[in-house]
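Enquirer:
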Amino acid sequence: MTRPRIIALAVVALLALLLVATRGFGLWRTHDDGLTLYGNVDIRSVDLGFRVSGRIAAMPVEEGASVKAGQVLAALDPRPIGDKVAAAEAQIGLAEADLARRRNGNRPQDIAQARAQLAQQQANLAKAREDYDRRKSLIATGAISQAVFDQTAAALKAAQAQTDAAAQALSLQQAGARKEDVAASEAQLRNARAQADSTKTDLRDAVLRAPSDGTILTRAREPGAIVQPGETVFTLTIDRPVRVRAYVAEPDLGRIAPGMKVQVKTDDGHAWQGTIGYISPAAEFTPKTVETANLRTDLVYRLRIIVTDANAGLRQGQPVTISVPGARPAQGR
3 MTRPRIIALA VVALLALLLV ATRGFGLWRT HDDGLTLYGN VDIRSVDLGF
53 RVSGRIAAMP VEEGASVKAG QVLAALDPRP IGDKVAAAEA QIGLAEADLA
103 RRRNGNRPQD IAQARAQLAQ QQANLAKARE DYDRRKSLIA TGAISQAVFD
153 QTAAALKAAQ AQTDAAAQAL SLQQAGARKE DVAASEAQLR NARAQADSTK
203 TDLRDAVLRA PSDGTILTRA REPGAIVQPG ETVFTLTIDR PVRVRAYVAE
253 PDLGRIAPGM KVQVKTDDGH AWQGTIGYIS PAAEFTPKTV ETANLRTDLV
303 YRLRIIVTDA NAGLRQGQPV TISVPGARPA QGR
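So in our numbering, the last one in the sequence shown is 335, and the numbering has no gaps at all.
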């Protein structure tokens, strides 16, 4: 082989190496298969309990049961609260009667009775005045003693005072209740109604209902137990929406965005469609439960994926693989 031929072959080989190393001097682009992430289905649970205290009378659901929103999970003995409701309604009746009495004023019979008492006191006053006038002339002649005359004057003053009191009593009967008394009775009625509403709310809260569709994870108490307000009776896992928690490495953060479509796969090969709903603005260190391709500690960003067509095959806490086919190409590709 001649020397020029050897040189030509060497140049061709060098050019081939440069084309491979530089991807055709930037003109060639390798195919990007998207981005693969790893995560777990979020466990979303809520502890359920009664707002009021009491004895559990019934718990018709067991652990593992699927329940619908509004379904009865447990109930307290309603009798103690029912007695309070009855007492509160009785107080409403008393307050209504008192308010009606004040608004309607006094009965004609009460006014007539007060007028008769005034007439009686006026008659007593007239007699006491006659005795005083008659004995006043006798005291000068010495026909009666000073002590007797003083008693007569005192009796006149007493009769006058009793007459004035009877007149005021008649005036009160005719005027009826004051505006302030009516307002006080109205306030007492409102308070009685509020107390009744509160006890009725307690009676409704003696029944524990599921706040949403889900599965009973834990049954913490049993019928007959005395529970306090807020004490956990059931733990409910929320079925919908199904959310997947995943992490993306910092170099790949720019490849994804909220709203991107993804595919969520389980180890048994089943797949569901989802959407990236949230990307955390704060970086975290790789959690121990997160699988990454290189298994090295690095900064990652948490993201939430909403699975749109989830069914019973996708269970809470299950590890999944997330494919992002629409991910932007990685830098340098």
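For glycine and all other residues, C-beta sits at the position ideal for the given N, C-alpha and C.
1. Per DSSP, which residues does PHE236 bridge with? Please list them.
2. Can the beta-carbon of GLY319 be found less than 8 Å from the beta-carbon of VAL43?
3. Out of ASP254, GLU132, ASP166, point me to the one whose CA is closest to LEU301's CA.
4. Taking all protein chains shown into account, decide if ASP204 is buried (16 or more other Cβ within 10 angstroms of its Cβ) or exposed.
5. Just to check my reading of the structure: LEU238 and VAL48 have Cβ atoms closer than 8 Å, yes? What is that Cβ distance to the nearest angstrom?
6. Can you check the segment 67–117 for any beta strand (DSSP E) of at least 3 residues that lies completely inside it and give the ranges in chain order?
7. DSSP on GLN148, reduced to helix/strand/coil?
8. Output yes or no for whether 8 Å exceeds the beta carbon distance between ILE278 and ILE240.
9. Check the C-beta distance from ARG190 over to ALA97 and give it rounded, since I have them as a contact under 8 Å.
10. So, helix, strand or coil for GLN275, using DSSP?
11. According to the Cβ coordinates, are GLU252 and TYR303 closer than 8 Å?
12. Does DSSP put PRO327 in a helix, a strand or coil?
13. Taking Cβ positions, are VAL264 and VAL326 nearer each other than 8 Å?
14. Are the segment 98–114 and the segment 179–187 touching, with three or more C-beta to C-beta distances below 8 Å?
15. Please list, in chain order, all residues of the same chain as ASP183 whose beta carbon is under 7 Å from its beta carbon, the five residues on each side excluded.
16. Relative to the C-alpha of GLU64, which candidate in ILE218, ASP112, ARG180 has its C-alpha closest?
17. Going by Cα to Cα distance, which pick from LEU127, GLY36, ALA194 is closest to ASP166?
18. Rounded to the nearest angstrom, what separates ASP311 and ALA60 at their Cα positions?
19. State the DSSP-derived secondary structure class of THR38, mapped to helix, strand or coil.
20. Per DSSP, which residues does GLY261 bridge with? Please list them.
Expert: Considering the structure as presented:
1. For the purposes of this step, residue 236 is identified with residue 234 of the sequence shown, where counting begins at 1. DSSP, once it has assigned bridges, lists LEU50, ARG221 as partnering PHE236.
2. Here residue 319 refers to the residue found at position 317 when the sequence shown is read from its first residue. Here residue 43 refers to the residue found at position 41 when the sequence shown is read from its first residue. VAL43 sits close to GLY319, with the two beta carbons spaced by under 8 Å.
3. Position 299 of the sequence shown, counting from 1, holds the residue named residue 301. In terms of CA proximity to LEU301, ASP254 leads the group ASP254, GLU132, ASP166.
4. Taking the sequence shown and counting its residues from 1, one reaches residue 204 at position 202. ASP204 comes out buried.
5. In the sequence shown, counting from the first residue as 1, residue 238 sits at position 236. In the sequence shown, counting from the first residue as 1, residue 48 sits at position 46. Contact between LEU238 and VAL48 is confirmed by a C-beta separation of about 5 Å, below the 8 Å threshold.
6. Those beta strand (DSSP E) runs which fall completely within the segment 67–117 and span 3+ residues are 74–78.
7. Mapped onto the sequence shown, residue 148 falls at position 146. In the structure shown, the three-state DSSP call for GLN148 is helix.
8. On the sequence shown, position 276 is the one that residue 278 refers to. On the sequence shown, position 238 is the one that residue 240 refers to. Their beta carbons are not under 8 Å apart, which means ILE278 does not touch ILE240 by this criterion.
9. Translated into the one-based positions of the sequence shown, residue 190 becomes position 188. Translated into the one-based positions of the sequence shown, residue 97 becomes position 95. The amino acid at residue 190 is misidentified as Arg; the sequence shows Gln. Contact between GLN190 and ALA97 holds, with the beta-carbon distance rounding to 5 Å and staying under 8 Å.
10. Looking up residue 275 in the sequence shown gives position 273. Note: GLN275 maps to strand in three-state DSSP.
11. Position 250 of the sequence shown holds residue 252. Position 301 of the sequence shown holds residue 303. In this structure, GLU252 lies near TYR303, with their beta-carbon atoms less than 8 Å apart.
12. By 1-based counting over the sequence shown, the position of residue 327 is 325. Three-state result, PRO327: coil.
13. For this step, residue 264 is matched to residue 262 along the sequence shown. For this step, residue 326 is matched to residue 324 along the sequence shown. It is a contact, given that the beta carbons lie within the stated cut-off.
14. Contact between the segment 98–114 and the segment 179–187 is present: three or more C-beta pairs spanning the two stretches fall below 8 Å.
15. Locating residue 183 in the sequence shown gives position 181, where the first residue counts as 1. Result list for ASP183: ARG104, in chain order.
16. The residue you call residue 64 lines up with position 62 of the sequence shown. GLU64 has its Cα closest to that of ILE218, out of ILE218, ASP112, ARG180.
17. To locate residue 166, count along the sequence shown from 1; it is residue 164. Here the closest residue by C-alpha is LEU127.
18. Here residue 311 is taken as the residue at index 309 of the sequence shown, counted from 1. Here residue 60 is taken as the residue at index 58 of the sequence shown, counted from 1. It is roughly 35 Å from the alpha-carbon of ASP311 to the alpha-carbon of ALA60.
19. Translated into positions along the sequence shown, residue 38 becomes position 36. When DSSP states are grouped into helix, strand and coil, THR38 belongs to the strand group.
20. If you number the sequence shown from 1, residue 261 lands on position 259. In DSSP, GLY261 forms no bridge with anything.
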